[in-house]
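Step one of this worksheet: look at the structure below.
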DNA sequence: CTGAAAGCGCTAACAG
DNA sequence: CTGTTAGCGCTTTCAG
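Protein chains in written order, with the numbering used here: chain A, 84 to 422; chain B, 84 to 422.
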């Protein structure tokens with residue numbers, strides 16, 4: 084049977100110093116003489132000692148664990164975000180405890196409680212709606228939280244998104260400039276702020292040009308539903324162009340249009356998505372879309388969260404970062420169009 | 084400023100019992116009278132008390148945290164696996180601390196050390212090669228580890244994979260039955276056991292039919308490299324059929340074949356992949372592939388790991404689960420072919 | 001069944 | 001700079 088763990092006390096004994104000396108050599112801001120540090124390091128190496136993070140967390144009150152809540156890993160946008168978030172956090176000395184939120188509403192409450200049980204230093208909630216009860220709960224526990232790719236009216240909840248409203252407008256302007264008049268929208272889940280903002284921006288720009296939405300159907304951010312929505316929308320009086328609320332659904336829309344309805348894109352219909360997930364750039368889809376500036380969103384999210392954790396300045400911030408329209412082949416390009 | 088945490092002592096005081104009584108009501112196997120439990124529960128609810136998992140971990144020695152190492156989140160196979168793994172673990176009362184392994188060899192060592200620092204109860208390494216040093220390190224720390232979708236010769240390392248050798252054979256038999264003779268293989272990273280096993284099975288079945296591999300190129304499990312490999316392979320004396328080591332690369336192969344080389348699939352060339360990721364079933368790709376039985380792989384992985392954690396029976400197991408060939412449109416189907 | 005007491009491994013004052 | 005002394009919040013003997 085192997086010994087489960089080398090303790091700082093054992094290292095201390097071997098190095099001929101006090102246990103606190105050991106602690107100090109492994110604590111960033113502590114002061115110890117070169118000599119001591121060296122002796123300790125040597126003994127530690129020989130014994131294979133590493134500080135127990137959990138014990139450290141208990142006494143210091145900081146676990147250096149960030150709870151991350153995610154929902155739709157099927158949507159390529161999220162694995163990518165998760166990876167970047169985790170890397171950025173890791174770089175700053177934090178680690179990610181991951182929690183998958185069931186689509187079930189109310190389940191999220193349980194999840195947050197569980198997260199809190201782990202004494203996380205902070206929470207990042209990606210694509211999840213937080214009741215103000217929950218945010219209150221976290222505040223009471225002294226655990227800062229920031230929303231990623233979702234925003235809320237709650238004034239003391241930090242949130243980072245792309246500028247979805249502006250993005251929606253860009254799509255409308257682009258479609259209009261291409262001469263489309265009969266324009267449809269396949270919406271995602273209405274409960275998501277991203278959906279609401281994208282659509283609002285889209286509609287408003289359309290309205291400014293005196294154009295009303297030709298047709299609308301809901302895809303709920305789910306592949307099959309998006310396919311259904313497409314069938315319904317194109318059953319009669321089909322639109323000339325469609326803005327799909329995210330790329331994930333847009334891929335299904337494209338497939339349905341081409342392989343089921345036998346339509347040509349963009350000859351028969353222009354399609355524009357949102358997110359710029361990897362697959363959007365693959366030749367088979369070649370989807371024109373609005374890019375979410377993931378890197379900057381991640382950087383900001385981490386920045387805000389760590390600032391809140393480390394400086395305890397409760398200042399909440401809500402950021403919406405502008406993302407560019409990426410021109411590809413799924414939508415007719417207006418003559419002389421430039422970004 | 085809000086109070087950071089309600090302690091069991093506070094609950095005890097309010098409930099008029101000892102602190103140990105509180106601990107007992109929240110400890111599964113403990114004994115306490117109905118009366119006590121009720122009083123404690125009530126007080127706990129009023130105060131919003133929840134046991135501190137970290138403190139519990141410290142004294143009990145079990146953190147109920149599983150360290151999960153993943154590498155290629157871009158490959159749809161992994162987000163899916165991650166989700167299932169996490170859900171299964173959550174169901175059993177464990178949570179996942181995620182670590183993204185850089186492709187960098189040697190970096191994995193650092194990662195494992197970090198994982199160990201968190202006193203995890205076990206480790207699941209997905210798509211990562213473990214040096215026997217590392218596995219030794221974990222054993223010394225008393226932390227069981229099981230490999231997911233990767234296998235190793237190390238006899239005391241548990242591993243769960245699909246039956247890659249058999250899968251490779253199936254592809255060969257299928258292609259041969261369709262009458263193909265000039266058959267190529269686009270390989271993944273040679274360091275992966277999955278790659279080696281799939282190719283070995285493939286080659287062996289080919290050999291039994293007296294057929295030698297017509298051409299071979301390496302894609303390293305990376306999209307761009309797979310595209311390059313395709314270009315090279317089809318530059319002259321193109322094969323009639325290609326077995327691509329995983330779906331992730333196969334998607335790029337398909338795109339390159341169709342949109343760059345102008346070939347028709349499966350008329351000009353049959354393509355078969357491996358994994359059956361979601362995108363393989365999307366109409367744009369419609370890829371014939373060998374399905375990895377993810378659910379069963381996950382179930383077995385969790386089963387083995389928890390068995391090792393909870394029963395401390397060091398019995399290591401290596402499992403290879405058979406997966407079916409999924410017939411779709413990217414490869415010519417032999418006349419009268421049945422599974 | 002229940003309270004008192006002893007730590008888990010570590011950091012953070014506190015005197016020297 | 002360094003050792004000593006308290007705990008962090010909880011589980012777990014050990015006597016009752």
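Glycine included, C-beta positions come from ideal geometry on N, C-alpha and C.
field: When B:133, B:131, B:205 and B:195 are compared against residue 144 of chain B, the one with the closest alpha-carbon
entry: B:205
message: Contact defined as beta carbons within less than 8 Å: I believe residue 402 of chain A pairs with residue 243 of chain A. What is the distance between those atoms, to the nearest angstrom?
response: Between residue 243 of chain A and residue 402 of chain A the Cβ distance is about 5 Å, and since that is below 8 Å, they are a contact.
query: Is it right to say residue 121 of chain B is buried, meaning 16 or more other beta carbons lie within 10 angstroms of its own, or is it exposed?
result: exposed
task: Could you tell me if residue 365 of chain A is buried or exposed, where buried requires 16 or more neighbouring beta carbons within 10 angstroms of its beta carbon?
output: With 16 or more other CB atoms across the displayed protein chains lying within 10 angstroms of its CB, residue 365 of chain A is buried.
field: Cβ-Cβ separation, residue 214 of chain A to residue 155 of chain A (assumed contact under 8 Å), whole Å
entry: The Cβ separation is near 19 Å, so there is no contact.
task: Please determine, among A:293, A:149 and A:101, the residue with the shortest C-alpha to C-alpha distance to residue 197 of chain A.
output: Put simply, of A:293, A:149 and A:101 the residue whose alpha carbon is nearest the alpha carbon of residue 197 of chain A is A:149.
- prompt: Taking all protein chains shown into account, do 16 or more other C-beta atoms lie within 10 angstroms of the C-beta of residue 85 of chain A, making it buried, or fewer, making it exposed?
  reply: In this predicted model, residue 85 of chain A has a pLDDT of only 48, less than 50, meaning its place in the structure is not dependable; the value taken from the coordinates is given anyway. The residue in question, residue 85 of chain A, is exposed, as its Cβ has fewer than 16 Cβ neighbours within 10 Å.
field: Members of the segment 158-182 of chain A that neighbour chain B once the beta carbon cut-off is set at 8 Å
entry: 159, 161, 162, 163, 165, 166, 169, 170, 173, 178, 179, 180, 181 and 182
query: Under a Cβ-count criterion, where at least 16 other Cβ atoms within 10 Å of its own Cβ denotes burial, should residue 268 of chain A be classed as buried or exposed?
result: buried
query: Three-state secondary structure (DSSP) at residue 372 of chain B?
result: Collapsing the DSSP output to three states places residue 372 of chain B in a strand.
- request: Could you check the C-alpha separation between residue 163 of chain B and residue 330 of chain B for me, to the nearest Å?
  value: 14 Å
- prompt: Taking buried to mean at least 16 other C-beta atoms within 10 Å of its own C-beta, is residue 324 of chain B buried or exposed?
  reply: With 16 or more other Cβ atoms within 10 Å, it is buried.
message: For a contact defined as C-beta to C-beta under 8 Å, what are the partners of residue 196 of chain A on chain B?
response: For residue 196 of chain A, the C-beta contacts it makes with chain B under 8 Å involve 133, in order along the chain.
- prompt: Given residue 363 of chain A, which residues of its chain have a CB within under 7 Å of its CB, disregarding the five upstream and five downstream residues?
  reply: Non-local beta-carbon contacts of residue 363 of chain A in its own chain, meaning distances under 7 Å to residues more than five positions away in sequence, involve 330, 356, 370 and 372 in chain order.
- prompt: Got a sec? Which residues, its chain only, sit under 8 Å from residue 97 of chain A by beta carbon, not counting five neighbours each side?
  reply: Cβ neighbours of residue 97 of chain A within its own chain (closer than 8 Å, five residues either side excluded): 126, 129 and 130.
query: DSSP state of residue 190 of chain A, grouped into three classes?
result: helix
message: What does DSSP give as the partner residue(s) for residue 182 of chain A in the beta ladder?
response: Per DSSP, A:152.
- prompt: For residue 292 of chain A, which residues from the same chain have a beta carbon less than 6 Å from its beta carbon, with the 5 sequence-adjacent residues on both sides left out?
  reply: 259
Residue interval of the alpha helix (DSSP H) (run including residue 142 of chain A): 136-143
query: From B:344, B:132 and B:416, pick the residue whose C-alpha is nearest to that of residue 224 of chain A; which is it?
result: When only C-alpha atoms are compared, the closest one is B:132.
task: Assign residue 85 of chain B to one of three DSSP states: helix, strand, or coil.
output: Its pLDDT being 48, under 50, residue 85 of chain B is placed unreliably by the model, and the measurement read from it follows with that caveat. Coil.
message: Helix, strand or coil, according to DSSP, for residue 354 of chain B in the structure here?
response: strand
query: Residue range of the beta strand (DSSP E) that residue 231 of chain B falls in?
result: For residue 231 of chain B, the enclosing beta strand (DSSP E) covers residues 228-231.
field: Cross-chain neighbours of residue 357 of chain B in chain A, by beta carbon under 7 Å
entry: Going along chain A, no residue has its Cβ under 7 Å from residue 357 of chain B, so there is no contact; the nearest lies around 19 Å.
- request: Compare the C-beta of residue 338 of chain B against all C-beta atoms of chain A and say whether one is closer than 9 Å.
  value: yes
Chain B within 9 Å of residue 224 of chain A, Cβ atoms only: yes
task: Enumerate in chain order the residues of its own chain whose CB-to-CB distance from residue 177 of chain B is below 6 Å, with the five nearest sequence positions on each side excluded.
output: 147 and 149
query: Helix, strand or coil for residue 337 of chain A per DSSP?
result: In the three-state scheme derived from DSSP, where H, G and I count as helix and E and B as strand, residue 337 of chain A is classed as helix.
- prompt: In the DSSP assignment, what are the bridge partners of residue 299 of chain B?
  reply: B:268
8 Å CB neighbourhood of residue 404 of chain B in its chain, flanking five on each side removed: 243, 244, 245, 246, 376, 379, 380 and 383
- request: Could you please give the first and the last residue of the uninterrupted alpha helix (DSSP H) stretch that includes residue 109 of chain B?
  value: Careful: residue 109 of chain B lies outside any alpha helix (DSSP H) and carries neither H nor E.
task: Determine the extent of the beta strand (DSSP E) in which residue 403 of chain A is found, giving its start and end residues.
output: 401-404
field: Residues, ordered as in the chain, of the segment 369-398 of chain B that lie near chain A by beta-carbon distance below 9 Å
entry: 369
message: Excluding the 5 residues flanking residue 89 of chain A on each side, which residues of the same chain have their C-beta closer than 7 Å to its C-beta?
response: 130, 131 and 132
Pick from A:305, A:140 and A:282 that is closest to residue 296 of chain A, judged by C-alpha positions: Proximity to residue 296 of chain A across A:305, A:140 and A:282 peaks at A:282, based on C-alpha coordinates.
query: Helix, strand or coil: which one does DSSP assign to residue 396 of chain B?
result: coil
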